[in-house]
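Structure, as structure tokens:
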Amino acid sequence: MILNFLKKTCVITELEIRKVIHDPTEILTRSVQPALWLLVFGQVFAKMPMMAGRTNYISFMTPGILAQSVLFVSIFSGIAIIWEKDLGLIQKMLTTPTPRASIVLGKAISAGLRTLPILLIIYILAFVLGVSVRWDLFSIFGVLSFVLLGAIFFSTFSLIIACLVKTRERFMGIGQLLTMPLFFASNAIYPIEIMPDWLKVLSHVNPLTYVIDGLRTFMLGTPAAFNLGFDLGILFFSSCVAVSIGAILYKRVAM
454 MILNFLKKTC VITELEIRKV IHDPTEILTR SVQPALWLLV FGQVFAKMPM MAGRTNYISF
514 MTPGILAQSV LFVSIFSGIA IIWEKDLGLI QKMLTTPTPR ASIVLGKAIS AGLRTLPILL
574 IIYILAFVLG VSVRWDLFSI FGVLSFVLLG AIFFSTFSLI IACLVKTRER FMGIGQLLTM
634 PLFFASNAIY PIEIMPDWLK VLSHVNPLTY VIDGLRTFML GTPAAFNLGF DLGILFFSSC
694 VAVSIGAILY KRVAM
């Protein structure tokens, strides 16, 4: 039964990836934003007084920008559900014996795989900017694990929103409303210790914070602000809950 679930999940993932292969422009356009953050904003932020004394702010910022890319790619992936509803594809999918959880998880995994070209671009930019990125297989595997878990959670969260609002206009409005607060209420571009107390509270309940903490540890070798096991546990549990809710709500989008 588990093997059948995994097989159907892989089929859904493959179908979603084929869409990207046929139209790779989304990946190219998404790559511009992290490049701007590292090449332009990062150079400016490194000179801010609050960052004085940090040996290499660009190094500190690089994992955060990778996590930002994962967030931005994943959080808007739910709009595809609304397109599929309008085209009648969801109704056809619901008539198949494919478990709803397989459909949701397959789409979520494909969101993670869509970030891999951006991951490669960020690694290249980090090398050009002199960031001391760890290149051993264990560290790269750790980075991929956090990228995939982060994408699964945020893309499923996006799917849940799409199932509830059911229209592209509402979805885009909510997506734009959420992305910036999630990004700035995390440790992506500044450390938690310099945040005001109320923002520290928000950062601790923000899943993106734990994605960044894991990425920073594996990419740079810096000690985790929390604990790698805790980071993984939070993301894995959150992803499981999100996929379960998404599987329940998936059929509602067709109504």
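What the sequence shown shows, in the numbering used here, is residues 454 to 708, in sequence order.
Glycine included, C-beta positions come from ideal geometry on N, C-alpha and C.
Quantities reported herein were computed from a predicted structural model and do not represent experimental measurements.
So, at 6 Å on beta carbons, what are the nonlocal neighbours of residue 610 in its own chain, with the 5 sequence-adjacent residues on each side left out?
695
Smallest Cα separation from residue 578: which of 484, 533, 689, 632?
484
Just mark residue 620 as buried or exposed, buried being the case when its beta carbon has 16 or more other beta carbons within 10 Å.
exposed
Check whether the stretch 556-565 and the stretch 598-614 are in contact - that is, three or more C-beta pairs closer than 8 Å.
yes
For a test of the three-state rule: what should DSSP assign to residue 619, helix, strand or coil?
coil
Buried or exposed by the 16-neighbour rule on C-beta atoms within 10 Å, applied to residue 671:
buried
Alpha-carbon to alpha-carbon, residue 635 and residue 657:
11 Å
Through-space distance from residue 535 to residue 627, alpha-carbon basis:
14 Å
Distance check for residue 600 and residue 459, CA to CA, integer angstroms please.
20 Å
Between which residues of its own chain and residue 676 is the CB-CB distance below 8 Å, once the five residues before and five after are set aside?
670
Residue 615 to residue 523, Cα distance in whole Å?
18 Å
Alpha carbon to alpha carbon, what distance is there between residue 498 and residue 491?
10 Å
Quick check on DSSP: helix, strand or coil for residue 582?
coil
Beta-carbon proximity check, residue 553 vs residue 678, cutoff 8 Å
no
Taking the alpha-carbon of residue 631 as reference, which of 575, 511, 521 has the nearest alpha-carbon?
521
Taking only three categories from DSSP, how would you classify residue 514?
helix
Given this structure, state the Cα-to-Cα distance separating residue 654 from residue 623, to the nearest angstrom.
28 Å
Give, in chain order, every unbroken run of the alpha helix (DSSP H) that is at least 4 residues long and sits entirely within the stretch 584-608.
none
In this structure, does DSSP put residue 648 in helix, strand or coil?
coil
Cα separation between residue 629 and residue 583?
33 Å
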